[in-house]
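> Got a structure for you, questions after.
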Amino acid sequence: MDVINFTQMKDGTKEEYEFLAQKEKPYLALTAERVLSELRRQGEDSLTGYKINRLQHGLQSATRAYRDGADIDWVVGTLLHDVGDGLAPQNHDRFSAEVIRPFVRDEVTWVVEHHGIFQMYFYAHHYGWDENARDEFKDHIYYKSCADFCERWDQSSFDPDYSMESLDFFVPMVEEVFSRKAYDPAVIQENVVKGIPEKVTT
């Protein structure tokens with residue numbers, strides 16, 4: 043069989059669906075490369091007006107996380123926290139969270155999913171918005187993790203003079219994370235708070 047015969051999913055046979063499942067395996071194995079390609083695109087086609095582009099912002103954020111001793115889930119989640127900017131600029135935080143959700147700790151996914159409203163703390167008043175909108179989550183188990191993520195690694199990462207690691211530096215980490223079994227409970231660790239590591243001082 044080279045292609046399936048059905049034109050409606052309800053008409054597919056067991057043999058056809060088994061065939062499709064085999065076709066899907068190599069495609070899923072290339073997820074990391076597609077994610078990396080989107081990051082690279084952000085270095086060429088990005089929001090303008092900032093001193094750095096979106097790829098550089100992700101690299102700078104992830105570099106800060108890495109240098110603070112964050113684990114691989116935090117580093118990759120931080121690198122990809124704005125990966126949704128291109129396709130979903132109005133809800134990029136949720137989009138980005140869905141990219142990483144099957145492969146990282148629940149805490150990291152939640153932080154990426156909610157970082158948009160938490161970031162408003164730093165600028166919303168300039169637009170007449172509520173800078174304390176994040177307070178609706180003040181009793182959430184991951185509130186402090188998200189507030190710390192935004193303060194330490196996100197809002198501070200628009201500096202063209204910061205010496206950040208290259209994308210190549212992070213490629214092995216991205217590949218490792220996306221090679222994990224999707225939704226593995228041992229990885230997802232729902233309701234586990236590891237928090238942002240203490241800032242490394244030199």
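Going from the sequence shown to the working numbering is simple: count from 1 and add 42. Where is the CB? At the ideal position from N, CA and C, for every residue including glycine. Treat the numbers as computed from the prediction; the structure is a model and nothing was measured.
1) With a floor of 4 residues, list each alpha helix (DSSP H) that falls wholly inside the stretch 90-128, ordered by position along the chain.
2) Output the boundary residues of the alpha helix (DSSP H) element that contains Ser79.
3) Within its chain, find whatever has a CB closer than 7 Å to the CB of Val213; leave out the 5 residues flanking it on each side and keep chain order.
4) Here's the rule: buried if 16 or more other CB atoms are within 10 angstroms of the residue's CB, otherwise exposed. What is Trp171?
5) To test your reading of the DSSP string, which unbroken alpha helix (DSSP H) runs of 4 or more residues are found completely within the stretch 128-156?
6) Does the distance from the CB of Phe160 to the CB of Ala189 come in under 9 Å?
7) Can the beta-carbon of His156 be found less than 9 Å from the beta-carbon of Asp135?
8) In whole angstroms, what separates the C-alpha of Gln50 from that of Phe137?
9) Rounded to a whole number of angstroms, what is the C-alpha to C-alpha distance between Asp196 and Leu62?
10) Which residues in the same chain have their Cβ closer than 7 Å to the Cβ of Ser199, if we skip the five residues on either side of it in sequence?
11) Tell me, please, whether the stretch 140-150 touches the stretch 109-124 by the rule of three or more beta-carbon pairs shorter than 8 Å.
12) Is Tyr184 helix, strand or coil when you go by DSSP?
13) Check whether the stretch 214-221 and the stretch 67-77 touch, using three or more Cβ-Cβ pairs below 8 Å as the test.
14) Can you give me the start and stop residues for the alpha helix (DSSP H) that Ile238 sits inside?
15) Determine the closest residue to Val234 out of Asp210, Tyr185, Ser205, with distance taken between C-alpha atoms.
16) Using only alpha-carbon positions, find the residue among Pro239, Gly158, Phe179 that is nearest to Arg194.
17) Assuming the contact rule is C-beta atoms closer than 8 Å, Glu58 and Asn47 should be a hit. Round their C-beta distance to whole Å, please.
In brief:
1) 96-109, 114-121
2) 73-84
3) Leu78
4) exposed
5) 134-142
6) yes
7) yes
8) 28 Å
9) 40 Å
10) His99, Gln102, Ser103, Arg106
11) yes
12) coil
13) yes
14) It is not in any alpha helix (DSSP H) - Ile238 carries neither H nor E in the DSSP assignment.
15) Tyr185
16) Pro239
17) 7 Å
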